[in-house]
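Report on one structure; see the data block that follows.
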Amino acid sequence: MDDLSPCIEATALQDQTAELIDAGRYDDALRSIAVGVGSFYTRPDVIGYSLYLFGYDKLVLRLGEAMRDTSVSPEPVARGGYLVILSEFYNAGGHSRVAEDLVSVLGGAVVVLTDLFGSYQSGRLKVADAAARMPKAMVHRLETPSFAGKVKELQAVFNAVRPECVLILSHHPDPLPYVAAASLPETVRKVFFHHCDHQPSVGCTLPGYAHVDFTEHLQGICQSNLGRPTVHVPLYVADRGVKTFTRPTLETLTVVSSGSANKYKRDSALAYQHVVAEILSVTGGSYWHIGHLDDAWLGLISQALLARGIAVSRFCYLPHVPSLWDSMKEIDGHVFLGSFPIPGGRGSIEAQGCGYPAIYYANDDRAPLLRHADIFANKELGWSNIPELVAALRKVVDDHEAQVRLARDYYEKQYGYPVFLQRLHLALSGS
Numbered sequence: 021m022d023d024l025s026p027c028i029e030a031t032a033l034q035d036q037t038a039e040l041i042d043a044g045r046y047d048d049a050l051r052s053i054a055v056g057v058g059s060f061y062t063r064p065d066v067i068g069y070s071l072y073l074f075g076y077d078k079l080v081l082r083l084g085e086a087m088r089d090t091s092v093s094p095e096p097v098a099r100g101g102y103l104v105i106l107s108e109f110y111n112a113g114g115h116s117r118v119a120e121d122l123v124s125v126l127g128g129a130v131v132v133l134t135d136l137f138g139s140y141q142s143g144r145l146k147v148a149d150a151a152a153r154m155p156k157a158m159v160h161r162l163e164t165p166s167f168a169g170k171v172k173e174l175q176a177v178f179n180a181v182r183p184e185c186v187l188i189l190s191h192h193p194d195p196l197p198y199v200a201a202a203s204l205p206e207t208v209r210k211v212f213f214h215h216c217d218h219q220p221s222v223g224c225t226l227p228g229y230a231h232v233d234f235t236e237h238l239q240g241i242c243q244s245n246l247g248r249p250t251v252h253v254p255l256y257v258a259d260r261g262v263k264t265f266t267r268p269t270l271e272t273l274t275v276v277s278s279g280s281a282n283k284y285k286r287d288s289a290l291a292y293q294h295v296v297a298e299i300l301s302v303t304g305g306s307y308w309h310i311g312h313l314d315d316a317w318l319g320l321i322s323q324a325l326l327a328r329g330i331a332v333s334r335f336c337y338l339p340h341v342p343s344l345w346d347s348m349k350e351i352d353g354h355v356f357l358g359s360f361p362i363p364g365g366r367g368s369i370e371a372q373g374c375g376y377p378a379i380y381y382a383n384d385d386r387a388p389l390l391r392h393a394d395i396f397a398n399k400e401l402g403w404s405n406i407p408e409l410v411a412a413l414r415k416v417v418d419d420h421e422a423q424v425r426l427a428r429d430y431y432e433k434q435y436g437y438p439v440f441l442q443r444l445h446l447a448l449s450g451s
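Our numbering numbers the first residue of the sequence shown as 21 and each following residue consecutively.
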């Protein structure tokens, strides 16, 4: 599909994994998949170009059959309810916020953390933190250290809970949920949530799963390449009200951006520090960044501002906030600048729901998986170079009130609760 290469894979590692399965070394085989995918999906030639791991998913199917729990009746009566499987849960970031919102909307669930990376075992992450953020859920961590042991433990959870529907939102290299889920009766609905949408993820091509995409752009790609329908469930962010804005001029305009460091350019003419300096050189307000940046990058931003004679105090930094929406209501901001070149879907939706006009990077030199603008209300606010960015800022200033209404209306029509609930029901029930 165009310059998308869905079948780029590390076949040598797959052959090695197949040999481990043949030898009955299932723990080593599971670890080989996790390590192989972990070393593959972050490659520069893969990010934004490749989505599918057909070879690894075939190995997952083989492991699922080899490790099948034969003690389970093929058609046990489900008790009902939902079981949600995550690799880890964080206090920040869209990945965990999606899971948090799902559990809340579902009215409760059993949530299992596979702890693939050993973060809970080491104490780096706390199960209590996940439980506090999902008060309607019963949160359980797989405690067995070995990967094969985790599969068996997860199978035991299936047998104890007997869910009607299993929702999987695991990390890219995590094969554990899918291997264990091979033992589930066919009557249990299994749903793959494709939230890792611009890098390849284990499980994406597996048959027998309802496939959920969070953007229309990715839904079209997945339907075409997988050869079956997928469900578009728009990213949902609970409505926390519209900000009351002061009317901006270019001399008072304050820009807000949000995202982790990996979503921004660090070098080239469009390096983040240069863009911040350019914006502050033509506007008179502040520039807010919400999201973690390392000390070295913060230093580069300070240097770029000093080099232009701009006061460093005009750059305001919040590494972490409990609610992006609430924070944006409190900041005296006027316009949201989406992260670039990798757009932050949830953050952009929150900003527009709050009423912020959203300016977004729209250069077609991006990888094909990143070329989507469907999450943005005004397609005239795209930019690919500094003059276009400045022009977009001026356009927002010229008609700020109308731009605010446009952003808010788009949130309500595309991402409001009724739309989300209807699409989620379709994904979970198939009707």
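Don't be surprised by glycine CBs; every beta carbon is placed ideally from N, CA and C.
Since this is a predicted model, take the numbers as computed values, not measurements.
C-beta contact flag for residue i and residue j at 9 Å
i	j	result
Val125	Phe335	no
Phe167	Arg82	no
Ala201	Val181	no
Pro197	Gly223	yes
Val251	Arg443	yes
Ala371	Val275	no
Arg328	Ala297	yes
Phe234	Pro220	no
Tyr454	Ser404	Given a span of 21 to 451 for the chain in the structure shown, any question on residue 454 remains unanswerable.
Ala382	Gly402	yes
Tyr76	Thr134	no
Gly127	Lys146	no
His340	Gly319	no
Ala161	Val132	Inspection of the sequence shows that residue 161 is occupied by Arg rather than by Ala. A contact, by the Cβ cut-off of 9 Å.
Asn179	Ser91	yes
Tyr102	Pro227	no
Residues bridged to residue i (per DSSP)
i	result
Arg161	Leu133
Val171	Bridge partners of Val171: none, in fact.
His231	Phe212
Phe356	Val276 and Ala378
Val125	Per DSSP, none; premise fails for Val125.
Closest by C-alpha distance to residue i, when choosing among the options
i	options	result
Ile453	Thr266, Gly228 and His214	Any answer about residue 453 is impossible in this case: the structure gives the chain only from 21 up to 451.
Thr164	Gly223, Ser139 and Ala150	Ser139
Val211	Asp233, Leu196, Ile188 and Gly353	Ile188
Pro205	Tyr229, Leu255 and Cys224	Tyr229
Ile362	Val132, Gly68, Arg117 and Tyr102	Gly68
Lys263	Ala119, Trp345, Val159 and Leu136	Trp345
Leu273	Met154, Ile379, Gly305 and Gly247	Gly305
Met87	Tyr61, Tyr46, Ala281 and Gly58	Tyr46
Ile208	Ser404, Arg99 and Arg386	Inspection of the sequence shows that residue 208 is occupied by Val rather than by Ile. Comparing Cα-Cα distances from Val208 to each of Ser404, Arg99 and Arg386, the minimum goes to Arg99.
Val410	Leu300, Gly56 and Asp217	Leu300
Ser116	Gln243, Val257, Lys78 and Ala54	Val257
Leu338	Gly279, Ala176, Phe109 and Val177	Gly279
Ile369	Tyr437, His340, Glu408 and Val57	Tyr437
Ala281	His309, Val118, Pro268 and Arg425	His309
Ala291	Pro268, Asp418 and Gln323	Gln323
Ile53	Ala331, Gln34 and His218	Gln34
Asp429	Leu446, Glu408, Ser451 and Asn398	Asn398
Asp419	Leu79, Arg267, Ile105 and Glu85	Arg267
Gln423	His445, Pro407, Glu408 and Glu400	Glu400
Tyr61	Lys78, Asp217 and Asp385	Asp217
Glu421	Thr269, His445 and Ile321	Thr269
Endpoints, alpha helix (DSSP H) assigned at residue i
i	result
Ala54	Tyr46 to Phe60
Val302	Tyr292 to Val302
Lys415	Ile406 to Asp418
Tyr198	Leu196 to Ala201
Cys242	Glu236 to Leu246
Asp315	Asp315 to Ala327
Tyr453	The first residue shown for the chain is 21 and the last is 451, placing residue 453 beyond what the model contains.
Gln73	It is worth fixing the name first, because residue 73 is Leu in this sequence and not Gln. Looking at the DSSP string, Leu73 is not in any alpha helix (DSSP H), and its letter there is neither H nor E.
Val147	Val147 to Arg153
Leu441	Tyr437 to Ser449
Lys349	Leu344 to Glu350
Extent of the continuous beta strand (DSSP E) to which residue i belongs
i	result
His309	Tyr307 to Ile310
Phe109	No beta strand (DSSP E) contains Phe109, which DSSP labels as neither H nor E.
Ile188	Cys185 to Ile188
Ser278	Val275 to Ser278
Val211	Arg209 to His214
Ile379	Ala378 to Tyr381
Cβ-heavy atom distance, residue i to the ligand ADP, below 8 Å
i	result
Ala291	Within the structure as shown, the ligand ADP is missing, as the structure has no ligands at all.
* **Meets three-Cβ-pair contact criterion under 8 Å: the stretch 306-316 and the stretch 380-395** => no
* Tell me, please, whether the stretch 191-199 touches the stretch 417-437 by the rule of three or more beta-carbon pairs shorter than 8 Å. => no
* Are three or more beta carbon pairs between the stretch 369-377 and the stretch 341-361 nearer than 8 Å? -> yes
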